[in-house]
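Chains as they are written, first to last, in the working numbering: chain Y, 33 to 181; chain P, 33 to 181; chain B, 33 to 181; chain U, 33 to 181.
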């Protein structure tokens, strides 16, 4: 049911544009080095490479990197289903960190579990070297453009 | 009850050392620009300044900055109550983002609600310009040193 | 700020009516035996007595009792701030169980952290014999009457 | 990986015994009317029938029923992987309520995402009439017997 609705509201052109944004990351996404890899109806796959700057002095990736990645994909998975000018704002999420990460690629997969015109609930699975390292679940608010266009 | 216990396990010397770490931030804390301002038994106050790099293209602070800040203080508030060599690993937390942030100082206050030898539950309140913008709650695991010293 | 707003939207008459509902509990609240004890602007205090039916075979109160109590006060704390006919629906919450409960009175204190016309974020503290046993945080949606009156 | 481990620690006899417990439910599970339907390695499916006692005056199932059901299956899915005498205590969970429930059968599916000797992270999906109505995620602590045997 949900899948059919997500199929019908999915705009592949928006997804395409997000993929080209990988070339010009700024701010937090640039620091994380998080790249969109693949979009689909209700789905987004993003990746980042572990590098020394993302580790704590103890040699494990800072939990804040994973939580920031969750927040990032939580909103971005929704854009291909939104209208031009709207923006997605995370209002809440929860995560469980299951295993430490110290090297390699981190793969974040976001999936919309439920979406209305104004809100979406999203689940996220983050893996590293074939192992699930983080599970998250949260809510995004779909906001109208700030200034009328 | 808890307060008395936190009072008795609080090591002001460790807190002092954390405060000097503000001078040499690296990695994610450096990117966030998050500085410890004050420690107390079961309490930590940290601050960061909003700067363009922390905003999204929509002009609001990236939710990932707040979630990363939560993860950071969640663990750090525990160190003055831990033994040398131990380290604190966030295992889970949940946050609610209550209002957008676009400028000024972000103040994160963490408070230990409950602590045993191996685990702590911490609550976090983040404010900006006198307004609560984020509430979080999570669990930290206290880990033994990786290699025997 | 929030306090002033909650002060101005608080309807003591509604609170009064909720207190009289203690006499005729039905359904889940009746099974829990949860009674409203005191309302205030943005605040609700409720209590329930531990009784054998609420325990697991291991002699501790079933975690589901505490989570159900959280869900209950999460919505009910909002009613004195809502318009006639509106109803409060929990959309999400998270809880941490800090200590087992096996006897005595369970006291749940809910406090509105942030409220708009359509949503509220609430924090809950549950105590037993002077000890905090559960902390929760969640979101309530304020819904319009189902049928126009 | 995890699956193989869960496969090897799964005790079908324990699962069998839990299924027979449906006949003699007491306490909260009895009030909920929640029956175990099927166990598997790392998996549990439980069901309950909506009945008037589980509804609010607004005609929807009380959110506390769903949260209590989450808490219940969160722990119970672990038992076939635990040692005799050990018990499972939920320490934290988070849920999102996606749609109201007013009649029919409620199906809760719990799945262990990660499990060590002392802890497990579990995800839960609750459906009603073919629609996902609740998603939850939480942590269980595996406790040793209270009294040495």
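Note that beta-carbon positions come from the ideal geometry of N, C-alpha and C, so glycine has one too.
None of the values given here were measured: they were computed from a predicted structure.
If you draw a straight line from the C-alpha of residue 65/U to the C-alpha of residue 58/U, how long is it? Sequence index remark: in the fourth chain, residue 65/U carries index 33 (1-based). Sequence index remark: in the fourth chain, residue 58/U carries index 26 (1-based). When rounded, the separation of the alpha-carbon atoms in residue 65/U and residue 58/U is 9 Å.
Just to confirm, are residue 96/U and residue 104/B a CB contact at a threshold of 8 Å? As a position in the fourth chain, residue 96/U is number 64, starting the count at 1. As a position in the third chain, residue 104/B is number 72, starting the count at 1. Cβ distance < 8 Å, so residue 96/U and residue 104/B count as in contact.
Rounded Cβ spacing between residue 51/Y and residue 68/Y (contact assumed at less than 8 Å): As a first step, residue 51/Y must be located in the first chain, where it is residue number 19. As a first step, residue 68/Y must be located in the first chain, where it is residue number 36. Right, the Cβ-Cβ distance comes to about 5 Å (below 8 Å), so this counts as a contact.
Considering only their Cβ atoms, is the gap separating residue 128/U from residue 102/U smaller than 8 Å? Taking the fourth chain and counting its residues from 1, one reaches residue 102/U at position 70. Taking the fourth chain and counting its residues from 1, one reaches residue 128/U at position 96. Not in contact: residue 102/U and residue 128/U (Cβ atoms no closer than 8 Å).
Using a Cβ-Cβ cutoff of less than 8 Å, which residues in the same chain neighbour residue 38/U once the five nearest sequence positions on both sides are dropped? On the fourth chain, position 6 is the one that residue 38/U refers to. Within the same chain, residue 38/U has close Cβ partners 73, 74, 113, 144 and 147.
Report the residue ranges of all beta strand (DSSP E) runs contained in full by the stretch 105-162 of chain B; include only those spanning at least 3 residues, in chain order. The qualifying runs are 119-129, 137-147 and 151-160.
Assess, as a yes-or-no matter, whether the stretch 150-164 of chain U is touched by the stretch 133-141 of chain U under the definition of 3 or more beta carbon pairs within less than 8 Å. Enough Cβ pairs lie closer than 8 Å, so yes.
Within 10 angstroms of its Cβ, does residue 126/P collect 16 or more other Cβ (buried), or is it exposed? Reading the second chain from its first residue, position 94 is the one you call residue 126/P. Buried.
Residue-level contact to chain U via CB, residue 126/P, 8 Å cutoff: Start at 1 with the first residue of the second chain, and residue 126/P comes out as number 94. Put simply, the CB of residue 126/P is near chain U, with a gap under 8 Å to one of its CB atoms.
Using the Cβ count rule (16 or more neighbours within 10 Å means buried), how would you classify residue 99/Y? As a working note, residue 99/Y is residue 67 in the first chain. With 16 or more other Cβ atoms within 10 Å, it is buried.
Where the beta strand (DSSP E) containing residue 62/Y begins and where it ends: Locating residue 62/Y in the first chain gives position 30, where the first residue counts as 1. No beta strand (DSSP E) contains residue 62/Y, which is instead part of the alpha helix (DSSP H) from 59-64.
With a threshold of 8 Å between beta carbons, is residue 122/U in contact with chain P? Mapped onto the fourth chain, residue 122/U falls at position 90. Answer no: the Cβ-Cβ gap between residue 122/U and chain P never drops below 8 Å.
Hey, would you say residue 172/Y sits closer than 8 Å to residue 121/Y, going by beta carbons? In the first chain, counting from the first residue as 1, residue 172/Y sits at position 140. In the first chain, counting from the first residue as 1, residue 121/Y sits at position 89. Contact: yes.
I want to see whether chain U comes within less than 8 Å of residue 46/B, judged by CB atoms only; does it? Numbered from 1 along the third chain, position 14 holds the residue referred to as residue 46/B. Chain U, which has no Cβ nearer than 8 Å to the Cβ of residue 46/B, makes this no.
Can you tell which of 35/Y, 124/Y and 48/Y has its C-alpha closest to the C-alpha of residue 111/Y? By 1-based counting over the first chain, the position of residue 111/Y is 79. Considering only alpha carbons, the answer is 48/Y.
Give the straight-line distance between the Cα atoms of residue 149/P and residue 88/U, rounded to the nearest whole angstrom. By 1-based counting over the second chain, the position of residue 149/P is 117. By 1-based counting over the fourth chain, the position of residue 88/U is 56. If you take the alpha carbons of residue 149/P and residue 88/U, they lie about 42 Å apart.
Environment of residue 170/B [buried if 16+ CB atoms lie within 10 Å]: Counted from its first residue, the third chain places residue 170/B at position 138. Buried is the label assigned to residue 170/B, since at least 16 other Cβ atoms lie within 10 Å of its Cβ.
Range of the contiguous beta strand (DSSP E) that encloses residue 74/B: Mapped onto the third chain, residue 74/B falls at position 42. No beta strand (DSSP E) contains residue 74/B, which DSSP labels as neither H nor E.
I want to see whether chain P comes within less than 8 Å of residue 88/Y, judged by CB atoms only; does it? If you number the first chain from 1, residue 88/Y lands on position 56. Yes - at least one Cβ of chain P is within 8 Å of the one on residue 88/Y.
For the putative contact between residue 93/B and residue 109/B, defined by C-beta atoms under 8 Å, what is the C-beta separation to the nearest angstrom? The count along the third chain starts at 1 and reaches residue 93/B at position 61. The count along the third chain starts at 1 and reaches residue 109/B at position 77. Not a contact, Cβ separation roughly 22 Å.
Using a Cβ-Cβ cutoff of less than 6 Å, which residues in the same chain neighbour residue 142/B once the five nearest sequence positions on both sides are dropped? Mapped onto the third chain, residue 142/B falls at position 110. Its chain contains 76, 105, 109, 154 and 156 as the residues whose beta carbon lies nearer than 6 Å to that of residue 142/B, once the 5 sequence neighbours on both sides are disregarded; these appear in chain order.
Among the residues of its own chain, which have a CB less than 7 Å from the CB of residue 46/U, if the five just before and after it don't count? Position 14 of the fourth chain, counted from the start, is the residue given in the question as residue 46/U. Closer than 7 Å at the Cβ level, and outside the excluded window around residue 46/U, lie 111 and 112.
Which stretch, first to last residue, makes up the alpha helix (DSSP H) that contains residue 52/U? By one-based count along the fourth chain, residue 52/U stands at place 20. Note, residue 52/U: alpha helix (DSSP H), 44-52.
Could you tell me which chain P residues have their CB closer than 9 Å to the CB of residue 118/B, listed as they occur along the chain? Numbered from its first residue, the third chain carries residue 118/B at position 86. Within chain P, no residue comes near residue 118/B; the closest Cβ sits about 21 Å away, beyond 9 Å.
Contact criterion: CB-CB distance below 8 Å. Does residue 171/Y meet it with respect to chain U? Counted from its first residue, the first chain places residue 171/Y at position 139. Taking 8 Å as the threshold, the shortest C-beta distance from residue 171/Y to chain U falls below it.
Straight-line CA distance for residue 42/P to residue 178/P? Translated into the one-based positions of the second chain, residue 42/P becomes position 10. Translated into the one-based positions of the second chain, residue 178/P becomes position 146. The straight-line gap from Cα to Cα measures roughly 23 Å.
Taking its Cβ as the centre, do 16 or more other Cβ atoms sit within 10 Å of residue 61/U, making it buried, or is it exposed? Taking the fourth chain and counting its residues from 1, one reaches residue 61/U at position 29. With 16 or more other Cβ atoms within 10 Å, it is buried.
What does the alpha-carbon distance come out to for the pair residue 78/B and residue 53/B? Here residue 78/B refers to the residue found at position 46 of the third chain. Here residue 53/B refers to the residue found at position 21 of the third chain. One C-alpha to the other measures close to 12 Å.
Based on Cα-Cα distance, which residue from 56/P, 176/P and 44/P lies nearest to residue 117/P? Along the second chain, read from residue 1 onward, the residue named residue 117/P stands at position 85. Between residue 117/P and the set 56/P, 176/P and 44/P, the nearest pair of CA atoms involves 176/P.
Output yes if chain U places a C-beta closer than 8 Å to the C-beta of residue 42/P; else output no. On the second chain, residue 42/P is found 10 positions in, with the first residue counted as 1. Answer no: the Cβ-Cβ gap between residue 42/P and chain U never drops below 8 Å.
Look up residue 175/Y in the DSSP assignment and give the residues it is bridged to. The residue you call residue 175/Y lines up with position 143 of the first chain. DSSP output for residue 175/Y lists 119/Y as bridge partner(s).
What do you reckon, are the CB atoms on residue 90/B and residue 119/U nearer than 8 Å? In the third chain, residue 90/B corresponds to position 58, counting from 1. In the fourth chain, residue 119/U corresponds to position 87, counting from 1. Contact check for residue 90/B against residue 119/U passes: the beta carbons are separated by less than 8 Å.
I'd like to know whether the C-beta of residue 153/P is nearer than 8 Å to at least one C-beta of chain C. Included in the structure are the protein chains Y, P, B and U, with no chain C among them.
Taking the beta carbon of residue 124/P as the centre, do at least 16 other beta carbons fall within 10 Å, making it buried, or is it exposed? The sequence position of residue 124/P within the second chain is 92, counting from 1. Buried, by the Cβ-count rule.
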